[in-house]
Every structure is written in structure tokens, then in C-alpha cells.
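full-length UniProt numbering puts the first residue of the sequence shown at 1, with every later residue one more than the last. Backbone N, C-alpha and C fix where the C-beta goes; we use that ideal spot for every residue, glycine too. Quick caveat: nothing in here was measured; it's all calculated off a predicted structure.
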Amino acid sequence: MAGNTVEVITSKVVVALICQNSHRDYNWDLWRKLQNGTYIKDKYFANPGNQPKSAAISFGKESIPEGNYLLRMVVNLTDSGQFLEDEIYVEYRLPPIITSIQGGSVRYISKYNDLVIDAGPVTYDKVQKYKSVPFNYEWCCRKGLNQSQVDAVLGKFGLPGAPDIITLGTSCNESSWGAKWTIPSENLSLDTWYLLHVKTKKITNIKDKNLLGSADTIRSATALQAVKVQIGHAPTINILCRKNCLPKLSLNSLLILNADCPECSLSDTIYEWSILVYNHTTEVFDSLNSVPRINQSRLIVSKLMIIIISNDAFREMDRIRFHLLIRTPGRSKSEADYIVSVNAPPYGGSCSITPNTGITVNTKFTIACKTGLMKETD
Numbered sequence: 001m002a003g004n005t006v007e008v009i010t011s012k013v014v015v016a017l018i019c020q021n022s023h024r025d026y027n028w029d030l031w032r033k034l035q036n037g038t039y040i041k042d043k044y045f046a047n048p049g050n051q052p053k054s055a056a057i058s059f060g061k062e063s064i065p066e067g068n069y070l071l072r073m074v075v076n077l078t079d080s081g082q083f084l085e086d087e088i089y090v091e092y093r094l095p096p097i098i099t100s101i102q103g104g105s106v107r108y109i110s111k112y113n114d115l116v117i118d119a120g121p122v123t124y125d126k127v128q129k130y131k132s133v134p135f136n137y138e139w140c141c142r143k144g145l146n147q148s149q150v151d152a153v154l155g156k157f158g159l160p161g162a163p164d165i166i167t168l169g170t171s172c173n174e175s176s177w178g179a180k181w182t183i184p185s186e187n188l189s190l191d192t193w194y195l196l197h198v199k200t201k202k203i204t205n206i207k208d209k210n211l212l213g214s215a216d217t218i219r220s221a222t223a224l225q226a227v228k229v230q231i232g233h234a235p236t237i238n239i240l241c242r243k244n245c246l247p248k249l250s251l252n253s254l255l256i257l258n259a260d261c262p263e264c265s266l267s268d269t270i271y272e273w274s275i276l277v278y279n280h281t282t283e284v285f286d287s288l289n290s291v292p293r294i295n296q297s298r299l300i301v302s303k304l305m306i307i308i309i310s311n312d313a314f315r316e317m318d319r320i321r322f323h324l325l326i327r328t329p330g331r332s333k334s335e336a337d338y339i340v341s342v343n344a345p346p347y348g349g350s351c352s353i354t355p356n357t358g359i360t361v362n363t364k365f366t367i368a369c370k371t372g373l374m375k376e377t378d
């Protein structure tokens with residue numbers, strides 16, 4: 001379960017016909033797992049006044065510390081003096097942190113401008129109690145990649161078989177970084193691709209005497225940006241995400257992107273959006289017209305500053321590239337890209353249940369799943 005959502009667990013009790021009219025008294029117990037492997041009973045539900053007295057139990061946002069728990073339900077059939085019980089094991093997790101690099105997945109900048117790299121404004125933590133804990137940023141900068149290398153890195157980022165960034169091009173690392181750093185214009189190489197990779201970490205320490213000590217929780221996220229240095233005095237543009245700004249987009253969500261061009265005038269600027277889909281066979285991004293399975297009727301493309309993508313336009317595991325071209329009278333054209341993956345459900349692996357037969361109440365069944373692959377969601 002995620003720590004920043006409201007969770008509701010519901011039980012279902014089926015009894016013999018002779019007991020169906022018996023009054024039922026529900027009691028819930030929550031047991032927290034300690035570092036030594038034993039469980040300790042939660043004091044809140046030990047108080048009868050805090051019992052939900054129903055077949056469902058709810059946990060509010062961030063109401064339970066992250067960790068492993070045993071949740072047990074006991075139903076007393078008061079008329080007959082009998083009882084039923086069931087239990088489940090629950091891992092209460094923190095949601096992942098979200099990080100990206102401001103400006104989009106691909107930027108094109110002028111040789112005469114400094115290259116400013118900033119992950120701070122687009123990195124956040126949805127857990128309220130840990131918002132004040134600072135992020136740590138680890139950067140990797142590579143330059144001199146060719147176009148095919150850039151396409152392969154962008155198309156496979158975050159997927160099995162993605163290229164190892166550290167083996168591409170040459171290093172352009174700086175000595176001291178935080179969330180934001182700059183490569184001066186005089187240090188930029190013309191007609192050159194720069195690849196910027198950030199790994200953002202947040203370390204939180206949980207101290208609890210009931211846990212017999214303390215434990216560190218480390219959450220991390222990565223982001224990638226490619227920058228092409230070119231000649232000319234084109235306006236600097238960025239693609240900003242306004243809704244569902246996750247590295248993997250859920251099929252049931254709506255994506256809204258916004259073009260940001262401080263130097264542009266709305267009256268005489270032309271915004272041209274195009275959409276491409278990564279082809280894992282050819283390792284290039286194909287234009288939307290060459291991908292017939294895409295539901296183009298579900299795309300809402302604006303020729304102005306905003307593009308809106310409906311929630312069922314793409315297919316699970318697609319990697320989509322939104323390209324923005326801006327034309328301004330008297331100046332060179334400007335380009336930028338925003339790349340996102342469409343999330344997939346858990347896949348692969350196998351599950352088994354043992355034993356496969358038993359007697360209700362008296363038999364404990366175990367369900368085990370292994371080797372499954374899980375994609376991150378929000």
C-alpha cells in the first residue's frame with residue numbers, strides 16, 4: 001500500500017445457513033513487524049473505542065509509518081459463541097519521489113547562451129512529513145554523442161537493455177553541483193550533443209523505540225535530458241508539464257504540456273506540435289502517421305501553446321516523443337521535446353498457492369509470486 005493514499009480493506013464473511021442470522025461483532029488487530037522479526041500489537045486498535053466495528057477498515061493518508069504489518073480480523077458470532085478469523089500481511093510503502101530536468105527531455109540552445117541545468121523546480125516528494133528533508137543530486141554529463149546514440153538513449157531510458165550512459169561520448173562533469181548548475185557558453189562545443197543524467201535521492205531516518213532502533217529509508221529517481229548546441233540566435237524555449245508529470249504515464253490519465261517561450265510574442269509566433277513513437281526494432285522515433293495503431297482521434301493537438309493527450313490514445317509500454325517547433329519572424333526556429341513512457345501493469349513471473357485444498361478457518365493458505373516485473377506508477 002502507498003503511504004500517501006487512503007486505503008480501505010474490506011472483509012467478506014460467509015457462514016453456514018444456521019448462523020446467518022447471528023449477530024456479528026467485528027474486531028481488527030494491527031501488528032507491526034520489528035527489526036528482529038517479531039510483531040508488536042498496535043495500541044490504537046487495542047482501544048475498543050477505536051475499532052471500526054464493521055467489515056471494512058480504513059487507513060488515512062500517512063497515518064501509518066512505512067514498514068511491514070500483520071492485519072487480523074476476528075468475527076464473533078455472538079448468538080452461537082463461535083468466531084471466524086483471517087489475516088493478511090501488508091507492506092506499507094512510501095510513494096516514490098519524482099524528478100526531472102527543467103525544460104523537457106530534449107533542448108536546442110544557442111552557442112552564445114550559457115547552458116543552465118536545473119532539476120530543483122521539477123523535483124518533489126508527495127509525502128508531507130518528509131517535504132522538509134533535502135534532496136541529494138548526483139549528476140553525470142557526457143558530450144559528443146551522435147544522433148543514433150542520442151535516439152537509443154532517449155528511446156530506451158528506464159527500460160531493460162538501455163545503453164550505459166557512462167560509456168558514451170566524453171565526460172563534461174563539473175566539480176561542484178547541486179540541483180542547479182551551469183556550463184558557460186565559452187565552454188560549449190558547437191553542433192554537439194550533451195547528455196545530462198541526474199539521480200535524485202532522499203534519505204529519511206525512522207527512529208522508533210518499538211522498532212528496537214532506527215532505520216534509513218532511501219528513495220531515488222532518475223531523469224535524463226539531451227541538449228544540442230547549435231548556431232544562431234533562436235529564442236530559448238522549454239516544454240513544461242502541467243498535468244500528470246510522471247516518467248511513466250498511466251493509461252487512465254490526461255497529459256497536458258505547455259510551451260514556454262519568454263522571448264516570444266503570442267501574436268506572431270507559430271507553435272507546431274508533432275508526435276513520434278519509439279521503434280525498438282529500428283531504434284529511431286517514427287512519426288505518428290507511420291504508426292497506424294495509434295488512436296489519432298483521441299489526440300487533441302493545439303497549434304498554440306498547449307497540447308492535450310487523451311488517456312486512451314496510446315498503448316501500454318509505448319515511449320512517446322512530443323516535439324515542439326516554434327517559428328518567430330526574423331529569428332531562427334526553436335525546438336524542444338518531451339518524452340514519456342506509457343506505464344504497463346505487472347507482467348511476467350508466476351504465482352502458486354499452497355495447499356490447494358483445505359478446511360475453512362483451520363487451514364492457512366500461502367500465495368507466493370516471483371520473478372514478476374513491476375513498472376513504477378504515481
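Asked: Quick one: what's got a C-beta closer than 6 Å to SER287's C-beta in the same chain, skipping five residues either side?; Found: LEU276
Asked: Quick one: what's got a C-beta closer than 7 Å to ILE64's C-beta in the same chain, skipping five residues either side?; Found: TYR92
Asked: Relative to the C-alpha of VAL229, which residue among ARG321, LEU188, ILE339 is closest?; Found: LEU188
Asked: Compute the beta-carbon to beta-carbon distance between ASN238 and GLY330, rounded to the nearest angstrom, for a pair I have assumed lies under 8 Å.; Found: Not really, about 21 Å apart at Cβ, beyond 8 Å.
Asked: Would you call SER297 buried or exposed, if buried means 16 or more other Cβ atoms sit within 10 Å of its Cβ?; Found: Any reading at SER297 must be qualified, since the residue scores a pLDDT of 49, below 50, and its modelled position is unreliable; the value itself is stated next. Answer is exposed; the Cβ neighbour count stays below 16.
Asked: On a Cα-Cα basis, can you pick out the residue from LEU94, GLU335, PHE157 that is closest to GLU283?; Found: PHE157
Asked: Can you look up THR200 in the DSSP assignment and give me helix, strand or coil?; Found: strand
Asked: Assuming ILE166 and VAL153 make a contact with CB atoms under 8 Å, what is their CB distance in whole Å?; Found: That belief does not hold up - the Cβ atoms of ILE166 and VAL153 are roughly 11 Å apart, past 8 Å.
Asked: Do the region 216-229 and the region 194-201 meet, that is, are 3 or more Cβ pairs less than 8 Å apart?; Found: yes
Asked: Short check: CB of PRO235 to CB of SER100, under 8 Å?; Found: no
Asked: Please determine if the region 31-47 and the region 61-77 are in contact, where contact requires at least 3 C-beta pairs separated by less than 8 Å.; Found: yes
Asked: Suppose contacts are defined by Cβ-Cβ distances below 8 Å. Is LEU145 in contact with TRP181 by that definition?; Found: no
Asked: Please work out which residues of its chain come closer than 6 Å, Cβ to Cβ, to ILE339, disregarding the five sequence neighbours upstream and downstream, and give them in chain order.; Found: SER105, LEU154, ARG321
Asked: I need the straight-line Cα distance from CYS261 to TYR137, nearest angstrom please.; Found: 27 Å
Asked: Run through the DSSP bridge pairs and tell me what TRP177 is partnered with.; Found: Beta-bridge pairing links TRP177 to no other residue.
Asked: Is the separation between the beta-carbon of LEU70 and that of TYR89 shorter than 8 Å?; Found: yes
Asked: Grouping DSSP H, G and I as helix and E and B as strand, with all else coil, what is ARG298?; Found: Confidence is the limiting factor: at ARG298 the pLDDT is only 49, short of 50, which leaves the residue's position unreliable, though a coordinate-based value still follows. If DSSP states are grouped into helix, strand and coil, ARG298 belongs with the helices.
Asked: Where does ASN187 fall in DSSP's three states?; Found: helix
Asked: State the DSSP-derived secondary structure class of LYS228, mapped to helix, strand or coil.; Found: strand
Asked: If distances are taken between C-alpha atoms only, which option among THR281, ILE307, ASN27 comes closest to GLY161?; Found: THR281
Asked: Look up SER250 in the DSSP assignment and say whether it is helix, strand or coil.; Found: coil
Asked: In terms of alpha-carbon separation, which member of ALA55, VAL342, LYS248, LEU324 lies closest to ASP318?; Found: VAL342
Asked: Whole angstroms is fine: what's the gap from ALA221's alpha carbon to ILE98's?; Found: 6 Å
Asked: Return the chain-ordered list of same chain residues with a C-beta closer than 6 Å to the C-beta of CYS141, the five sequence neighbours on each side being excluded.; Found: CYS172, ASN173, LEU196
Asked: For the putative contact between SER185 and ASP118, defined by C-beta atoms under 8 Å, what is the C-beta separation to the nearest angstrom?; Found: The Cβ separation is near 17 Å, so there is no contact.
Asked: What is the DSSP secondary structure of ASN76, reduced to helix, strand or coil?; Found: strand
Asked: Can you give me the C-alpha to C-alpha distance between GLU316 and PRO95, rounded to a whole angstrom?; Found: 22 Å
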